[in-house]
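Residue numbers (the working numbering), protein chains in the order written: chain A, 1 to 270; chain B, 1001 to 1273.
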């Protein structure tokens, strides 16, 4: 009898925990929604923090440039190396530049850039704002009659959103360069012939879908980093948690967005 | 001395007698029945106080009694659960975003941790609120204002340093300078001498008094340092269990036989000797 009531108690406790977790989840979603709405309200209302936006754009670009160059270049080489044997089996190595072009422009460049930016920029934003939050610097901005949201959040989200398409184009070019060097080394293809062949099957829709993806990823990384940092609590532990959550949430959302945008782009293509 | 709220009207009259005639009856901060809870825990439980123009009020109390919560409510950083907080004739919790921003231009808040923007130099820290609140100022005027306020806190040479290069006392002074640059009517100091050596604490106390005289501010000084309260407070209020249990001038308050207040005094002064 006592055992039954214990089991019942445990089930009840688990139900409560589940309800609390669900409650937290939906509250979290609602808070993110409010955060995004606030961003769109503040972004159009003057005064504008132009200097800070430019500083953030420079930071976002510089912070990721070295890593993006390296990974983009290596991806180009590796993808070409891995694809060659399969195409060679059918005597279709001449299609290699075209395949590389499609793969890099449509999928690899936006995805690799977004994942690196999520790790590098997203965590940095989360940690920076989180640290400002727990050391009361955000409160200090608020009590000095300034708008911390505009200065910290709006400028960073604009910076990631604007810089991501530029970084994606850059990654694409570096990846293609890596691929060209590999192809040139094996087949002695000229630079012009490679790029002509690589872009022959790339449509306007491919490029615009990639740029749209980049904008969406940039916005997501900026919002996730800022939201986590801006709402950090519990001291240094909270800062670490904010940085970590910023990366995990950004990466997860990037993949979800990738899936949706690919579906829509394919639908438009057919 | 009064045991709030029953005899405080009388006590306020005593306070008023000691104040300049122009300030009498000129209440700048009026708090009544203030309650603040964090989940089930009630931190402030019916706080009542009136603060007159030009007055320095030291709020004493043990850690966790809600001293900082009180000034955060005054600054509009936290919302009260019950009661009224009327500052400069306006109820803080009812201000809209624009009004709150306007109100905050008249309030200076010195944080316990100084809360300096650590990615900016001292100059940028001081310029930050100024250029955003007084857009009509040109570069020369901003530069002059920054240099003048740094001069008044005695740290003109730190202008190009970053907060990590400053000592605790210097950080406090720069934090105060950053609030003074907007020429506030009310100053809220959160533990201004916490973590400082006795000599630096005396310097900060002197600075608080200097600010009161030079900028004609009304101040609330949150502290658990009795020396700070004695040196800076025209009036002392002791917070315990979410309420003010004693208010008056320093000597009057500590003549009491109330155990909490006596213990506070004894631990600060007697045990240090």
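Every residue, glycine too, gets a C-beta built ideally from N, C-alpha and C.
Treat the numbers as computed from the prediction; the structure is a model and nothing was measured.
Residue i: contacting residues in chain A (beta-carbon distance under 7 angstroms)
{"i": "residue 1161(B)", "result": "Those within 7 angstroms of residue 1161(B) in chain A number zero; the least Cβ separation is about 17 angstroms."}
Within chain B, partners of residue i - CB distance below 7 angstroms
{"i": "residue 143(A)", "result": "1075, 1077, 1104, 1107 and 1109"}
{"i": "residue 136(A)", "result": "1111, 1113 and 1115"}
Contact list for residue i against chain A, beta-carbon separation under 9 angstroms
{"i": "residue 1192(B)", "result": "Under the 9 angstroms cutoff, chain A gives no residues; its nearest Cβ is about 14 angstroms from residue 1192(B)."}
{"i": "residue 1170(B)", "result": "Those within 9 angstroms of residue 1170(B) in chain A number zero; the least Cβ separation is about 17 angstroms."}
{"i": "residue 1212(B)", "result": "Result: empty, since nearest Cβ-Cβ is about 19 angstroms, beyond 9 angstroms."}
Residues near residue i by beta carbon distance below 6 angstroms, same chain, minus five either side
{"i": "residue 155(A)", "result": "49, 52, 53 and 56"}
{"i": "residue 1201(B)", "result": "1193"}
{"i": "residue 43(A)", "result": "154"}
{"i": "residue 1114(B)", "result": "1171, 1172 and 1175"}
{"i": "residue 257(A)", "result": "216"}
{"i": "residue 97(A)", "result": "194, 197 and 198"}
{"i": "residue 86(A)", "result": "none"}
{"i": "residue 189(A)", "result": "183"}
{"i": "residue 1122(B)", "result": "1158, 1159, 1161 and 1174"}
Residue i burial status per 10 Å Cβ neighbour count (16 or more: buried)
{"i": "residue 226(A)", "result": "buried"}
{"i": "residue 27(A)", "result": "exposed"}
{"i": "residue 205(A)", "result": "exposed"}
{"i": "residue 1224(B)", "result": "buried"}
{"i": "residue 203(A)", "result": "exposed"}
{"i": "residue 131(A)", "result": "buried"}
{"i": "residue 266(A)", "result": "exposed"}
{"i": "residue 1117(B)", "result": "buried"}
{"i": "residue 1066(B)", "result": "buried"}
{"i": "residue 1104(B)", "result": "buried"}
{"i": "residue 34(A)", "result": "exposed"}
{"i": "residue 182(A)", "result": "buried"}
{"i": "residue 30(A)", "result": "exposed"}
{"i": "residue 1038(B)", "result": "exposed"}
{"i": "residue 58(A)", "result": "exposed"}
{"i": "residue 229(A)", "result": "buried"}
Within chain B, the residues that residue i reaches when beta carbons sit closer than 9 angstroms
{"i": "residue 139(A)", "result": "1072, 1075, 1077, 1109, 1111 and 1115"}
Chain-ordered neighbours of residue i on chain B, where CB pairs are closer than 8 angstroms
{"i": "residue 146(A)", "result": "1128, 1129, 1132 and 1133"}
Beta-bridge pairing of residue i - partner residues as DSSP gives them
{"i": "residue 1235(B)", "result": "1057(B)"}
{"i": "residue 1084(B)", "result": "1032(B)"}
{"i": "residue 1279(B)", "result": "Outside the displayed span of chain B (1001 to 1273) sits residue 1279(B), for which this structure offers no information."}
{"i": "residue 1037(B)", "result": "1042(B)"}
{"i": "residue 1223(B)", "result": "1060(B)"}
{"i": "residue 1189(B)", "result": "1110(B) and 1221(B)"}
{"i": "residue 1050(B)", "result": "1030(B)"}
{"i": "residue 1090(B)", "result": "1087(B)"}
Cβ shell of residue i (< 7 angstroms), same chain only, five flanking positions each side left out
{"i": "residue 16(A)", "result": "none"}
{"i": "residue 1258(B)", "result": "1245 and 1246"}
{"i": "residue 1142(B)", "result": "1127, 1130 and 1131"}
{"i": "residue 253(A)", "result": "220 and 224"}
{"i": "residue 1022(B)", "result": "Any reading at residue 1022(B) is ruled out, since the residue's pLDDT is 42, under 50, leaving its predicted position unreliable."}
{"i": "residue 105(A)", "result": "172, 202, 206, 207 and 210"}
{"i": "residue 192(A)", "result": "none"}
Proximity below 8 angstroms, CB of residue i to CB of residue j
{"i": "residue 177(A)", "j": "residue 61(A)", "result": "no"}
{"i": "residue 1183(B)", "j": "residue 1125(B)", "result": "no"}
{"i": "residue 1232(B)", "j": "residue 1209(B)", "result": "yes"}
{"i": "residue 217(A)", "j": "residue 164(A)", "result": "yes"}
{"i": "residue 250(A)", "j": "residue 221(A)", "result": "yes"}
{"i": "residue 109(A)", "j": "residue 172(A)", "result": "yes"}
{"i": "residue 301(A)", "j": "residue 80(A)", "result": "Summary: the structure shown does not reach residue 301(A), with chain A confined to residues 1 through 270, and so no result is reported for it."}
{"i": "residue 1048(B)", "j": "residue 1071(B)", "result": "no"}
{"i": "residue 1060(B)", "j": "residue 1069(B)", "result": "no"}
{"i": "residue 145(A)", "j": "residue 1101(B)", "result": "yes"}
{"i": "residue 122(A)", "j": "residue 20(A)", "result": "no"}
{"i": "residue 301(A)", "j": "residue 64(A)", "result": "The requested residue 301(A) does not occur in the structure, where chain A is confined to residues 1 to 270."}
{"i": "residue 1229(B)", "j": "residue 1058(B)", "result": "yes"}
{"i": "residue 201(A)", "j": "residue 101(A)", "result": "yes"}
{"i": "residue 1239(B)", "j": "residue 1265(B)", "result": "no"}
{"i": "residue 1073(B)", "j": "residue 1080(B)", "result": "yes"}
{"i": "residue 1088(B)", "j": "residue 1185(B)", "result": "yes"}
{"i": "residue 67(A)", "j": "residue 116(A)", "result": "yes"}
{"i": "residue 126(A)", "j": "residue 214(A)", "result": "no"}
Beta-carbon proximity list for residue i, same chain, < 8 angstroms, skipping 5 on both sides
{"i": "residue 1045(B)", "result": "1035, 1241, 1242 and 1243"}
{"i": "residue 1015(B)", "result": "With a pLDDT of 42 at residue 1015(B), under the threshold of 50, the modelled position of this residue cannot be trusted, and the question is left open."}
{"i": "residue 1153(B)", "result": "1173, 1174, 1176, 1177, 1180 and 1207"}
{"i": "residue 1110(B)", "result": "1172, 1175, 1176, 1179, 1187, 1188, 1189, 1190 and 1192"}
{"i": "residue 1214(B)", "result": "1152"}
{"i": "residue 235(A)", "result": "134"}
Contact set between residue i and chain A, taken where Cβ atoms lie within less than 8 angstroms
{"i": "residue 1182(B)", "result": "144 and 145"}
{"i": "residue 1101(B)", "result": "145 and 147"}
Closer than 7 angstroms: residue i CB and nearest the ligand FAD heavy atom
{"i": "residue 1038(B)", "result": "Although the ligand FAD was asked about, the structure shown includes no ligands whatsoever."}
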